[in-house]
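Written out below as structure tokens is the structure these notes cover.
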Amino acid sequence: MNLTMVKKVLLDGSPCGKCAQAEDILRKRGLWDKIDDVVIAEEGNPESPGMKLAAKHGIDLAPFFIVRESSGEHRVYTRVFDFIKKELTSSPTPGISKFDASEAAERFKGLNPDQILADAQKAFGQNLALAFSGAEDVVLIDMASKNGQPFQVFSLDTGRLHPETYGYLDTVRDHYKIDIEIFTPDSMLLQNFVSVKGLSSFYQDGHRECCGIRKVEPLKRALEGRLAWATGLRRDQSPATRSDLVHVELDQSHRNADGEPLIKVNPLLDWTGQDVWDYIRINNVPYNPLHDQGYRSIGCQPCTRPSRPGEHERAARWWWENETKRECGLHT
Ligand code: SF4
Numbered sequence: 000m001n002l003t004m005v006k007k008v009l010l011d012g013s014p015c016g017k018c019a020q021a022e023d024i025l026r027k028r029g030l031w032d033k034i035d036d037v038v039i040a041e042e043g044n045p046e047s048p049g050m051k052l053a054a055k056h057g058i059d060l061a062p063f064f065i066v067r068e069s070s071g072e073h074r075v076y077t078r079v080f081d082f083i084k085k086e087l088t089s090s091p092t093p094g095i096s097k098f099d100a101s102e103a104a105e106r107f108k109g110l111n112p113d114q115i116l117a118d119a120q121k122a123f124g125q126n127l128a129l130a131f132s133g134a135e136d137v138v139l140i141d142m143a144s145k146n147g148q149p150f151q152v153f154s155l156d157t158g159r160l161h162p163e164t165y166g167y168l169d170t171v172r173d174h175y176k177i178d179i180e181i182f183t184p185d186s187m188l189l190q191n192f193v194s195v196k197g198l199s200s201f202y203q204d205g206h207r208e209c210c211g212i213r214k215v216e217p218l219k220r221a222l223e224g225r226l227a228w229a230t231g232l233r234r235d236q237s238p239a240t241r242s243d244l245v246h247v248e249l250d251q252s253h254r255n256a257d258g259e260p261l262i263k264v265n266p267l268l269d270w271t272g273q274d275v276w277d278y279i280r281i282n283n284v285p286y287n288p289l290h291d292q293g294y295r296s297i298g299c300q301p302c303t304r305p306s307r308p309g310e311h312e313r314a315a316r317w318w319w320e321n322e323t324k325r326e327c328g329l330h331t
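Letter 76 of the sequence shown, counting from 1, is numbered 75 in numbering that gives the first Met the number 0, and no numbers are missing.
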């Protein structure tokens with residue numbers, strides 16, 4: 000099988016932005032080496048090799064990907080995530096069908112978080128993504144960076160984070176020398192939403208709609224082409240919404256290329272907040288400076304306040320709403 004990526008070069012000689020973005024995604028997911036050939040389509044030059052391929056396959060977008068079988072059969076993709084899902088996710092890892100979530104949930108009961116994470120990394124390799132936002136997540140990054148296995152990290156930039164949180168993202172990137180793939184809201188969805196409802200509608204009619212656009216939809220894109228993801232969820236973060244969680248679950252909200260639920264791994268489920276902070280201090284793990292200003296659970300700036308003495312950590316998130324509704328929709 001031969002995999003070709005066709006990239007465009009614009010009339011002024013500059014590279015096409017979408018092509019660069021697609022290449023970046025492939026590189027960050029450790030898939031770039033699977034591309035056999037890169038062919039350039041020169042804008043305005045129909046004789047360039049890439050433009051000839053575009054004409055041959057009836058494509059007027061860039062980039063695009065051509066998969067040629069030795070039999071002569073070929074397939075063409077114009078979306079990098081489709082290409083990844085259909086052609087690149089089955090190897091070198093064993094695939095989701097060979098991972099028994101029920102068996103793993105039983106097995107993980109007696110294991111430490113670092114053992115659970117390492118087990119999941121072994122099973123899914125580059126197809127496992129670590130979701131990064133807060134203190135718990137950086138503990139997972141620290142564990143993954145120490146076990147020697149490859150791992151991928153993504154984060155959701157809602158556009159409403161504290162300046163300290165943006166700085167913290169860079170701190171973690173530099174500290175562990177890793178790439179953090181950032182997913183932002185869909186610009187049209189966001190533009191329509193804020194044009195009609197403004198920037199603070201969540202104080203009036205709840206956070207679901209804003210979180211849906213700024214978090215839930217980007218998460219769907221972040222998980223496209225994956226088989227599994229790992230979170231820093233802890234059971235004691237929210238007795239009202241997280242008491243029934245298990246170490247491994249089938250994530251019915253997100254599907255792999257075969258239409259099966261993604262595997263969601265929660266290595267820190269049995270840890271308390273104290274366990275997390277003990278780990279951070281013992282291992283010199285970088286943390287968000289907002290924690291030193293009284294913030295315990297940190298989300299978007301307008302929806303997070305410092306914790307008051309004696310209150311539960313989630314009480315400082317969407318504090319104007321009922322306790323049972325204090326989830327952003329990422330884990331429902
Ligand atoms: S936490 Fe607040 S600002 Fe952030 S996405 Fe949700 S509602 Fe919007």
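For glycine and all other residues, C-beta sits at the position ideal for the given N, C-alpha and C.
Being a predicted model, the structure only gives us computed values, none of them experimental.
- Proximity of the beta carbon of proline 162 to ligand 1 is not indicated: no heavy atom of the ligand is located closer than 7 Å.
- The C-beta of tyrosine 202 has fewer than 16 other C-beta atoms within 10 Å across all chains shown, which makes the residue exposed.
- By the Cβ test, the stretch 53-67 is not in contact with the stretch 209-222, since fewer than three Cβ pairs between them sit closer than 8 Å.
- Taking C-alpha positions only, valine 245 is separated from valine 137 by approximately 20 Å.
- One alpha carbon belongs to valine 8, the other to glutamine 273, and they sit about 53 Å apart.
- DSSP, read as helix, strand or coil, puts glutamine 148 in coil.
- Looking only at Ile24, Gly231 and Gln120, the smallest Cα-Cα distance to threonine 271 is reached by Gly231.
- Nearest Cα to lysine 27 within the set Gly197, Pro162, Val152 and Ala314: Val152.
- Beta-bridge pairing by DSSP links tryptophan 317 to no other residue.
- Sixteen is the threshold: since fewer than 16 other Cβ atoms of the shown chains lie within 10 Å of the Cβ of serine 70, the residue is exposed.
- Considering only Arg307, His206 and Ala134, the residue with the shortest C-alpha distance to threonine 323 is His206.
- At least one heavy atom of ligand 1 sits closer than 7 Å to the Cβ of proline 301.
- With a contact defined as Cβ atoms closer than 8 Å, isoleucine 39 and glycine 49 qualify at about 5 Å.
- Collapsing the DSSP output to three states places isoleucine 24 in a helix.
- Using a cutoff of 7 Å, the CB of arginine 225 does not count as near ligand 1, since none of the ligand's heavy atoms is closer than that.
- Per DSSP, the unbroken alpha helix (DSSP H) holding lysine 196 starts and ends at 186-196.
- Non-local C-beta neighbours of alanine 119 in its own chain, meaning closer than 7 Å and more than five positions away in sequence, comprise Leu127, Ala227, Ala229 and Val264, ordered along the chain.
- Nearest to lysine 145 by alpha-carbon distance, out of Leu52, Asp113 and His56, is Asp113.
- Distance from the CA atom of glutamate 41 to the CA atom of serine 132, rounded to whole angstroms, is 40 Å.
- Selection Glu135, Gly147, Ile279 and Leu268 evaluated against asparagine 111 yields Leu268 as nearest (Cα-Cα).
- With respect to alanine 130, histidine 290 sits apart: the two C-beta atoms are not nearer than 8 Å.
- Taken atom to atom, the span from the alpha-carbon of asparagine 44 to that of cysteine 18 is near 18 Å.
- With at least 16 other beta carbons inside 10 angstroms of its own, glutamate 223 counts as buried.
- Membership of tyrosine 76 in the beta strand (DSSP E) is indicated by the continuous run 73-76.
- When only Cα atoms are considered, alanine 104 and leucine 261 end up about 15 Å apart.
- In the DSSP annotation of this structure, the continuous segment of the beta strand (DSSP E) that includes arginine 254 starts and ends at 247-254.
- Between aspartate 178 and valine 284, the CB-CB gap reaches or exceeds 8 Å.
- Contact annotation: glutamate 216 and aspartate 243 have beta-carbon atoms that are not nearer than 8 Å.
- In the three-state DSSP reduction, aspartate 59 falls in the coil class, being neither helix nor strand.
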